[in-house]
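**Student:** Sharing a structure, written as structure tokens. Questions coming.
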Amino acid sequence: MTGTAPHVVVVGYGPVAARFADELLPGVRRGDLALTIIGEESSAAYNRVLVADVGVGRTTAAAISVSDAAELSAAGVSVRLNARVLRIDRARQGVLLAGGAWINYSKLVFATGARPVVPPLHGLNPDPAARVPLPRGVTALRDLTDAAVLRNAVERRQRVVVLGGGILGLEAALAARDQGADVAVVHHGPHALGRSIDAGAGHTVAAALRARGIDVVPNARAVGVGLRPGADGVRAFSALLQDGGGAVEGGLLVLSCGVRPRVDVAVGAGLSADRGILVDHQLRAHHDPNIFAIGDCAQVRCLDASCPDCAGSTGPLGLIGPGWRQAEWLAAHLIAHLAGGTTAAAPLPRERAPVMMLKARGVDVAAAGDVAAGPFDDVPGLAVSLWADPGHGKYVKMSTRGGVLAGFVSVGMPRTGAELTLLFERGAELPADRSALLRLDGPDGPVVAQPDPARTVCRCAGVTEETITAAVAGGCSTVPDISAATRAGTGCGGCHGDLKALIESHFAPAAA
């Protein structure tokens, strides 16, 4: 780069990097700064959360795109695709790319995201540095290439085996099943979603999966993958081998065993890392004021050992919403700093405890907080209410302290789950009669929720009902229209149903 403008270099080109670039564009256009984005893939940023939907044909790669490299280039941004960073030279403030290119920076931002965990099974190479670690018929469903592999398996009606009982694995399994694939879910532990829900909810979820025609194999101990030669002689996946000699046969193995932040380049540059690149409350890397990290690769844990906000730091949240908020905050901070501002920016607001939501047709799950305790456990200050109807796939548990919701899990009760989510995020008290919440999903429950302008509809982008209804009143008549105007619905996609309902509610009087 030439010129005297400060140069910001972003390593990574995922959704968080794309949002960061969007926020910096006004400064780039004014000439206040220069911006370079380095991405390993051949395509611009897209929403990885929706890769499974591309893989089963529900949507397209173009529809989940969140950035336009040509548009950025036209605005003056240097976008380097198919580029891999070899190392960072902090002393010379430069980035060395494979192929020998050297890029100097004034400020460097890591937005490298996370890579899927490849379990150490016989027949797989778990080394993240390996360029081709997986055999044919095995995918981690992380990028568009993986989506094409899933699409091919679904179209050929191959049996799909999902290893892992996390949220992304279950969503992929349900999506594939919806498209007619034969699906099996294999996971360790007694029930799926083990980190977010209790045993009762887990067994209810398993029953719902089986009711949808999905084979569920709990308490599994996978030890290897079976490979057999294909028609072209190349060995491909044929079975997931279990401890004790059993096997789960299939034509495609989808690894959904979690992710790990990509910190190798940062660690190679001498930066501190734990579960992510360690940054302070202004997202600065420890001991280097010119380097920052955002998104799935960043772990906020400052150098103050007595900091209460950092006491429970367990690593990146792994959600797109917090990453976007970090990108927006850091962009504003850098623009102010590079423009010569002397006032210290307020620290990044602490993220609230996330609400886990399973986004699948016909299987509604929402959970947040600690739900380990049962209604008859003696936990000081904690009151637990539980209702279960496993025969009909319904389960609700609510834990409160002083009447305020401290944790909940809801299965098969979408309206109750939505109300509990709202109460949890607001730190509100539950009604004295807890059964009033259950009636939301009964025959007398409201068909349409009462308007609540302050309600956050899109949690990923932080968009309220008031903003969305204003966009609809201004002419937005489809979900893509609302997404373009407000960014609502551009994250995990879990709010699309609410967006459609708000559109229908606005136009219903005219239709009548």
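Take 2 as the starting number for the sequence shown in this note's numbering and just add one per residue. We treat Cβ as the ideally placed atom computed from N, Cα and C, and that holds for glycine.
Mapping DSSP to helix, strand and coil, what is E23?
**Tutor:** Within the sequence shown, residue 23 is the residue found at index 22, counting from 1. Correcting the residue identity first, residue 23 is Asp in this sequence and not Glu. Under the three-state reduction of DSSP, D23 is assigned to helix.
**Student:** If you follow the alpha helix (DSSP H) that L377 is in, where does it begin and where does it stop?
**Tutor:** The residue you call residue 377 lines up with position 376 of the sequence shown. The residue you asked about is not Leu; residue 377 is Phe in the sequence shown. No alpha helix (DSSP H) contains F377, which DSSP labels as neither H nor E.
**Student:** What residue does the beta strand (DSSP E) around S386 start on, and which one ends it?
**Tutor:** Along the sequence shown, one-based indexing puts residue 386 at 385. Here the beta strand (DSSP E) through S386 covers L383 to D390.
**Student:** Are L228 and V162 touching if we call contact CB-CB under 9 Å?
**Tutor:** Mapped onto the sequence shown, residue 228 falls at position 227. Mapped onto the sequence shown, residue 162 falls at position 161. Result no, Cβ atoms of L228 and V162 do not sit closer than 9 Å.
**Student:** Where DSSP assigns a beta bridge to F425, which residues make up the other side?
**Tutor:** Start at 1 with the first residue of the sequence shown, and residue 425 comes out as number 424. F425 is not bridged to any residue.
**Student:** Would Q159 and G252 qualify as a contact pair, given that the criterion is a beta-carbon distance under 9 Å?
**Tutor:** Translated into the one-based positions of the sequence shown, residue 159 becomes position 158. Translated into the one-based positions of the sequence shown, residue 252 becomes position 251. In this structure, G252 lies closer than 9 Å to Q159 by Cβ.
**Student:** How close, in whole Å, do the beta carbons of P376 and V385 come, if the pair is a contact with beta carbons under 8 Å?
**Tutor:** Here residue 376 corresponds to residue number 375 of the sequence shown, with the count starting at 1. Here residue 385 corresponds to residue number 384 of the sequence shown, with the count starting at 1. Indeed, because the Cβ distance is near 4 Å, the residues count as touching under 8 Å.
**Student:** Starting from C258, follow its DSSP beta bridges and name the residues at the other end.
**Tutor:** In the sequence shown, counting from the first residue as 1, residue 258 sits at position 257. Per DSSP, none; premise fails for C258.
**Student:** Helix, strand or coil for C493? Go by DSSP, reduced to three states.
**Tutor:** What you label residue 493 is simply residue 492 of the sequence shown in a count that begins at 1. If DSSP states are grouped into helix, strand and coil, C493 belongs with coil.
**Student:** Could you compute how far the alpha carbon of V11 sits from the alpha carbon of L98?
**Tutor:** Along the sequence shown, read from residue 1 onward, the residue named residue 11 stands at position 10. Along the sequence shown, read from residue 1 onward, the residue named residue 98 stands at position 97. Taking the straight line joining both Cα atoms gives about 13 Å.
**Student:** Report the three-state DSSP secondary structure of R326 (helix, strand or coil).
**Tutor:** Numbered from its first residue, the sequence shown carries residue 326 at position 325. Note: R326 maps to helix in three-state DSSP.
**Student:** Can you grab the Cα-Cα spacing for the pair D482 / D90, in whole Å?
**Tutor:** Here residue 482 refers to the residue found at position 481 when the sequence shown is read from its first residue. Here residue 90 refers to the residue found at position 89 when the sequence shown is read from its first residue. Each residue's alpha carbon lies about 44 Å from the other.
**Student:** Kindly identify the DSSP beta-bridge partner or partners of Y47.
**Tutor:** Translated into positions along the sequence shown, residue 47 becomes position 46. Y47 is bridged to S66.
**Student:** Within 8 Å, do at least three Cβ pairs link the segment 428–438 to the segment 453–465?
**Tutor:** no
**Student:** Which residues in the same chain as L1 place their Cβ atom closer than 6 Å to its Cβ, once the five residues preceding and following it in sequence are excluded?
**Tutor:** Because the chain here runs from 2 to 513, residue 1 falls outside it and cannot be looked at.
**Student:** Put G1 into one of helix, strand or coil per three-state DSSP.
**Tutor:** The structure shown does not extend to residue 1, since the chain is modelled only from 2 to 513, so the question has no answer here.
**Student:** Among A429, L423 and P415, which residue has its Cα nearest to the Cα of G403?
**Tutor:** On the sequence shown, residue 403 is found 402 positions in, with the first residue counted as 1. Ranking A429, L423 and P415 by Cα distance to G403 puts A429 first.
**Student:** Going by Cα to Cα distance, which pick from L194, G495, S506 and I292 is closest to R362?
**Tutor:** Locating residue 362 in the sequence shown gives position 361, where the first residue counts as 1. From the listed residues L194, G495, S506 and I292, the smallest Cα separation to R362 is found for G495.
**Student:** Does the count of Cβ pairs from the segment 17–28 and the segment 316–336 closer than 8 Å reach three?
**Tutor:** yes
**Student:** Quick one: what's got a C-beta closer than 6 Å to V150's C-beta in the same chain, skipping five residues either side?
**Tutor:** The count along the sequence shown starts at 1 and reaches residue 150 at position 149. If we look at V150 and ignore the five residues flanking it on each side, its Cβ neighbours are T140.
**Student:** V9 by DSSP, collapsed to three states: which one?
**Tutor:** Position 8 of the sequence shown, counted from the first residue, corresponds to residue 9. Looking at V9 - three-state DSSP - the assignment turns out to be strand.
**Student:** State whether the segment 179–191 contacts the segment 294–307, with contact taken as three or more CB pairs (one from each stretch) at a distance under 8 Å.
**Tutor:** no
**Student:** My assumption, with CB atoms under 8 Å, is that V78 sits in contact with A46. Please give the rounded CB distance.
**Tutor:** As a working mapping, residue 78 is identified with position 77 in the sequence shown. As a working mapping, residue 46 is identified with position 45 in the sequence shown. Not confirmed; about 12 Å, so no contact.
**Student:** Give a yes or no on whether the C-beta atoms belonging to G138 and L387 are separated by under 9 Å.
**Tutor:** Counting from 1 along the sequence shown, the entry for residue 138 is found at position 137. Counting from 1 along the sequence shown, the entry for residue 387 is found at position 386. Against a cut-off of 9 Å, the Cβ pair of L387 and G138 comes out as no contact.
**Student:** Using a Cβ-Cβ cut-off of 6 Å (strictly less than) and excluding sequence neighbours within five positions of A84, which residues of its own chain qualify?
**Tutor:** Within the sequence shown, residue 84 is the residue found at index 83, counting from 1. Result list for A84: I39 and L98, in chain order.
**Student:** Among H507, R178, A6 and L256, which has the Cα closest to the Cα of A35?
**Tutor:** Translated into the one-based positions of the sequence shown, residue 35 becomes position 34. Minimum Cα-Cα distance from A35 among the listed residues H507, R178, A6 and L256 corresponds to A6.
**Student:** Would you mind sorting I468 into buried or exposed? The rule is 16 or more other CB atoms within 10 Å of its CB.
**Tutor:** Mapped onto the sequence shown, residue 468 falls at position 467. For clarity, residue 468 is Thr in the given sequence; the question names Ile instead. Buried, since its Cβ has 16 or more Cβ neighbours within 10 Å.
**Student:** Compare the beta carbon distance of G259 and V356 with 9 Å and say whether it is the shorter of the two.
**Tutor:** The residue you call residue 259 lines up with position 258 of the sequence shown. The residue you call residue 356 lines up with position 355 of the sequence shown. Their beta carbons are not under 9 Å apart, which means G259 does not touch V356 by this criterion.
**Student:** Decide yes or no for the touch test of the segment 281–292 against the segment 103–111: beta carbon pairs closer than 8 Å, at least 3 of them.
**Tutor:** yes
**Student:** Measure how close the beta-carbons of L175 and R213 come, nearest whole angstrom, since I'm counting them as under 8 Å.
**Tutor:** In the sequence shown, the residue the question calls residue 175 occupies position 174. In the sequence shown, the residue the question calls residue 213 occupies position 212. The pair is a contact, with the Cβ atoms about 7 Å apart (cut-off 8 Å).
**Student:** I need the DSSP call for T205, collapsed to helix, strand or coil.
**Tutor:** For the purposes of this step, residue 205 is taken as residue 204 along the sequence shown, with counting starting at 1. In this structure, DSSP gives T205 a helical state, which the three-state scheme calls helix.
**Student:** Of the residues D265, A221, L73 and H8, which one's Cα is nearest the Cα of G247?
**Tutor:** In the sequence shown, the residue the question calls residue 247 occupies position 246. Per the Cα distances, A221.
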